[in-house]
DNA sequence: GTCTATAACGAGATAGAC
DNA sequence: GTCTATCTCGTTATAGAC
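Chains as they are written, first to last, in the numbering used here: chain A, 1 to 204; chain B, 205 to 408.
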């Protein structure tokens with residue numbers, strides 16, 4: 001076992017994940033290499049294999065950490081105790097933050113690379129989307145119960161539309177380097193729920 | 205100049221484009237190689253370079269042919285003389301056909317790969333999206349003029365939301381191998397325009 | 001944990017014969 | 001137009017010393 005890293009630092013495995021994550025989110029899984037990570041971290045390629053046996057295992061670890069952190073962010077939204085509309089706005093805000101960093105959603109990017117991924121990575125990507133939709137369905141049903149939202153379709157359908165709408169908005173807005181474009185699409189998406197506060201989301 | 209290919213056949217350059225197009229749409233620009241194309245076509249890698257100097261030139265040709273065909277498909281929709289709502293449904297139908305083939309939109313895929321693309325390919329990808337939005341804006345404005353559509357925002361914003369919504373629906377539905385999922389998202393997208401015939405689109 | 005060294009392969013690309 | 005042969009480089013991965 002590695003000992004606990006010092007305050008303000010991160011152990012090598014974490015730093016490998018940090019660098020790889022950014023590279024995958026901006027260049028795709030087939031657009032980065034161990035050499036890229038090694039040179040940026042200042043160690044050799046061979047040393048990377050000590051921490052992650054191969055690119056497939058590194059990829060799995062990337063998705064798992066990303067999904068765990070995403071789930072934490074969703075729990076943090078829940079704990080604010082705000083209404084359904086505010087939760088959905090906060091959800092869209094996570095995506096906006098990713099775009100401001102010049103990145104695609106990790107699993108949105110891997111969805112594009114899906115056919116080239118090893119099986120364990122594929123499974124993890126689908127699980128990520130399923131978990132996101134499950135959370136969204138919960139929020140949407142809560143909103144309907146409270147009378148804050150008036151959905152045009154089933155909560156399941158609306159959840160899928162929100163997820164794919166936000167992923168698509170990231171996908172298209174990023175090449176244009178245009179956060180405003182993303183915000184406009186996100187706004188329309190939220191407005192289309194039949195929600196009350198159509199005008200709330202604005203580009204920061 | 206090559207002579208005209210016989211009926212039912214295609215010249216080598218076209219067949220290279222056909223194979224490459226399918227590979228890029230399913231595996232991404234960094235997920236296919238000259239070797240893949242050569243072996244499928246039954247010629248050597250070296251011969252490919254006679255038709256396309258390099259991967260960058262092949263990529264440019266791919267986007268240009270795709271954009272030209274897409275524009276033809278849009279003109280074909282226009283020439284049917286149907287109303288705005290039917291045009292939008294036909295537009296979504298193009299995307300559905302791509303998904304049924306197990307593919308992503310060529311330029312949606314290249315949007316994910318954007319950061320790794322040579323400059324001419326980047327420009328061509330952005331142009332494709334701009335042209336799509338321009339067509340959508342025209343249809344939306346026509347629909348408003350005729351009273352068939354009641355947009356919640358500007359035609360420009362709605363066009364961007366439709367484009368990114370459909371691209372995102374493709375991106376997410378494809379790994380699940382789920383055309384129904386795409387149709388549900390496309391339906392909701394069209395319904396959110398404030399259009400009249402919310403219930404029209406169905407999975408084929 | 002990190003290194004050097006190297007294996008083993010695949011990538012894009014070129015020269016020149018046919 | 002297509003071939004063989006070759007080049008150069010990048011990629012993932014392993015062996016074994018420190």
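C-beta: ideal position from N, C-alpha, C; glycine also. Keep in mind that this is a model prediction, so the values were computed, not measured.
Buried or exposed for residue 139 of chain A, please, with buried defined as at least 16 other CB atoms from any protein chain shown within 10 angstroms of its CB. What you label residue 139 of chain A is simply residue 139 of the first chain in a count that begins at 1. Burial call: buried.
Counting only Cβ-Cβ distances shorter than 8 Å, please list the residues of the stretch 86–111 of chain A near chain B, keeping chain order. 104, 108, 109, 111
What's the C-alpha gap between residue 188 of chain A and residue 103 of chain A? Reading the first chain from its first residue, position 188 is the one you call residue 188 of chain A. Reading the first chain from its first residue, position 103 is the one you call residue 103 of chain A. Approximately 22 Å, taken between the alpha carbons.
Roughly how many angstroms separate the alpha carbons of residue 338 of chain B and residue 276 of chain B, rounded to a whole number? Within the second chain, numbered from 1, the residue matching residue 338 of chain B stands at position 134. Within the second chain, numbered from 1, the residue matching residue 276 of chain B stands at position 72. Their Cα atoms are separated by approximately 14 Å.
Rounded distance between the beta-carbons of residue 110 of chain A and residue 117 of chain A, thought under 8 Å: For the purposes of this step, residue 117 of chain A is taken as the residue at position 117 of the first chain. For the purposes of this step, residue 110 of chain A is taken as the residue at position 110 of the first chain. Rounded, the Cβ-Cβ distance is 6 Å, consistent with contact.
Using a Cβ-Cβ distance cut-off of 8 Å, determine whether residue 327 of chain B contacts chain A. Here residue 327 of chain B refers to the residue found at position 123 of the second chain. So, not an interface residue.
Separation of residue 160 of chain A from residue 128 of chain A, as counted between CA atoms: Reading the first chain from its first residue, position 128 is the one you call residue 128 of chain A. Reading the first chain from its first residue, position 160 is the one you call residue 160 of chain A. C-alpha separation (whole angstroms): 13 Å.
Can you give the Cα-Cα distance for residue 196 of chain A and residue 177 of chain A, rounded to whole angstroms? Along the first chain, one-based indexing puts residue 196 of chain A at 196. Along the first chain, one-based indexing puts residue 177 of chain A at 177. Confidence in residue 196 of chain A is poor, its pLDDT being 43 and thus under 50, which makes the residue's placement unreliable; the coordinate value appears in the next sentence. So the two alpha carbons sit approximately 30 Å from each other.
Hey, quick one: how far does the alpha helix (DSSP H) through residue 127 of chain A stretch, first residue to last? Mapped onto the first chain, residue 127 of chain A falls at position 127. Looking at the DSSP string, the run of the alpha helix (DSSP H) that includes residue 127 of chain A is 119–145.
Starting from residue 95 of chain A, trace the alpha helix (DSSP H) in both directions and tell me its first and last residue. Taking the first chain and counting its residues from 1, one reaches residue 95 of chain A at position 95. Note, residue 95 of chain A: alpha helix (DSSP H), 84–100.
Contact check, residue 19 of chain A vs residue 52 of chain A, beta carbons under 8 Å: Here residue 19 of chain A refers to the residue found at position 19 of the first chain. Here residue 52 of chain A refers to the residue found at position 52 of the first chain. No, they are not a contact pair.
From residue 367 of chain B to residue 336 of chain B, what distance separates their C-alpha atoms? Residue numbering aside, residue 367 of chain B sits at position 163 when the second chain is read from its first letter. Residue numbering aside, residue 336 of chain B sits at position 132 when the second chain is read from its first letter. Their Cα atoms are separated by approximately 8 Å.
Those runs of the alpha helix (DSSP H) which lie wholly inside the stretch 36–70 of chain A and span at least 4 residues: 45–51
Measuring CB atoms only, is the stretch 147–154 of chain A touching the stretch 73–93 of chain A, in the sense that at least three cross pairs come out at less than 8 Å? yes
Would you please verify whether the beta carbon of residue 376 of chain B is less than 8 Å from any beta carbon of chain A? One-based indexing of the second chain puts residue 376 of chain B at position 172. With 8 Å as the cut-off, residue 376 of chain B counts as an interface residue toward chain A.
Restricting to Cα atoms, I'd like to know which of A:112, A:66, A:115, A:44 is closest to residue 94 of chain A. As a first step, residue 94 of chain A must be located in the first chain, where it is residue number 94. Among A:112, A:66, A:115, A:44, the Cα nearest to that of residue 94 of chain A is on A:66.
Expressed to the nearest angstrom, what Euclidean distance is found between the alpha-carbon atoms of residue 57 of chain A and residue 13 of chain A? Numbered from 1 along the first chain, position 57 holds the residue referred to as residue 57 of chain A. Numbered from 1 along the first chain, position 13 holds the residue referred to as residue 13 of chain A. So the alpha carbons of these two residues sit roughly 12 Å apart.
What does a CB cutoff of less than 6 Å around residue 184 of chain A pick up in its chain, not counting 5 residues either side in sequence? Looking up residue 184 of chain A in the first chain gives position 184. Hits under 6 Å: none found.
Using alpha carbons as the reference points, say which of B:330, B:259, B:326, B:246 lies closest to residue 235 of chain B. On the second chain, residue 235 of chain B is found 31 positions in, with the first residue counted as 1. Of the listed residues, the one whose Cα sits closest to residue 235 of chain B is B:259.
Supposed contact pair residue 377 of chain B and residue 385 of chain B - C-beta distance, whole angstroms, cut 8 Å: What you label residue 385 of chain B is simply residue 181 of the second chain in a count that begins at 1. What you label residue 377 of chain B is simply residue 173 of the second chain in a count that begins at 1. Confirmed, Cβ separation roughly 4 Å.
In chain order, what residues of the same chain have a beta carbon less than 8 Å from the beta carbon of residue 152 of chain A, not counting five sequence neighbours either side? On the first chain, residue 152 of chain A is found 152 positions in, with the first residue counted as 1. Closer than 8 Å at the Cβ level, and outside the excluded window around residue 152 of chain A, lie 158, 192, 193, 194.
What residue does the alpha helix (DSSP H) around residue 317 of chain B start on, and which one ends it? Stepping through the second chain from its first residue, residue 317 of chain B is reached at position 113. No alpha helix (DSSP H) holds residue 317 of chain B; DSSP gives it neither H nor E.
Would you kindly check if the distance between the Cβ of residue 312 of chain B and the Cβ of residue 165 of chain A is under 8 Å? Position 165 of the first chain, counted from the first residue, corresponds to residue 165 of chain A. Position 108 of the second chain, counted from the first residue, corresponds to residue 312 of chain B. Going by C-beta atoms, residue 165 of chain A is not nearer than 8 Å to residue 312 of chain B.
Using a Cβ-Cβ cut-off of 6 Å (strictly less than) and excluding sequence neighbours within five positions of residue 225 of chain B, which residues of its own chain qualify? Locating residue 225 of chain B in the second chain gives position 21, counting from the first residue. Counting only Cβ-Cβ distances below 6 Å, and skipping sequence neighbours, we find 266.
Between which two residues does the alpha helix (DSSP H) carrying residue 26 of chain A extend? Here the question's residue 26 of chain A lines up with position 26 in the first chain. Looking at the DSSP string, the run of the alpha helix (DSSP H) that includes residue 26 of chain A is 12–27.
Minimum C-alpha distance to residue 263 of chain B - residue among B:383, B:213, B:327, B:390: As a first step, residue 263 of chain B must be located in the second chain, where it is residue number 59. Answer by Cα proximity: B:327.
My understanding is that residue 168 of chain A touches residue 293 of chain B, with C-beta atoms under 8 Å, so please give their C-beta distance in whole angstroms. Stepping through the first chain from its first residue, residue 168 of chain A is reached at position 168. Stepping through the second chain from its first residue, residue 293 of chain B is reached at position 89. About 18 Å; that fails the 8 Å criterion.
For chain A, check one thing: does any of its Cβ atoms lie closer than 8 Å to the Cβ of residue 364 of chain B? Looking up residue 364 of chain B in the second chain gives position 160. Yes, residue 364 of chain B lies at the interface with chain A (some Cβ there is under 8 Å from its Cβ).
Environment of residue 295 of chain B [buried if 16+ CB atoms lie within 10 Å]: Position 91 of the second chain holds residue 295 of chain B. Classification for residue 295 of chain B: buried.
Chain B residues whose Cβ lies nearer than 8 Å to that of residue 114 of chain A: Sequence index remark: in the first chain, residue 114 of chain A carries index 114 (1-based). The answer, in chain order, is 378, 379.
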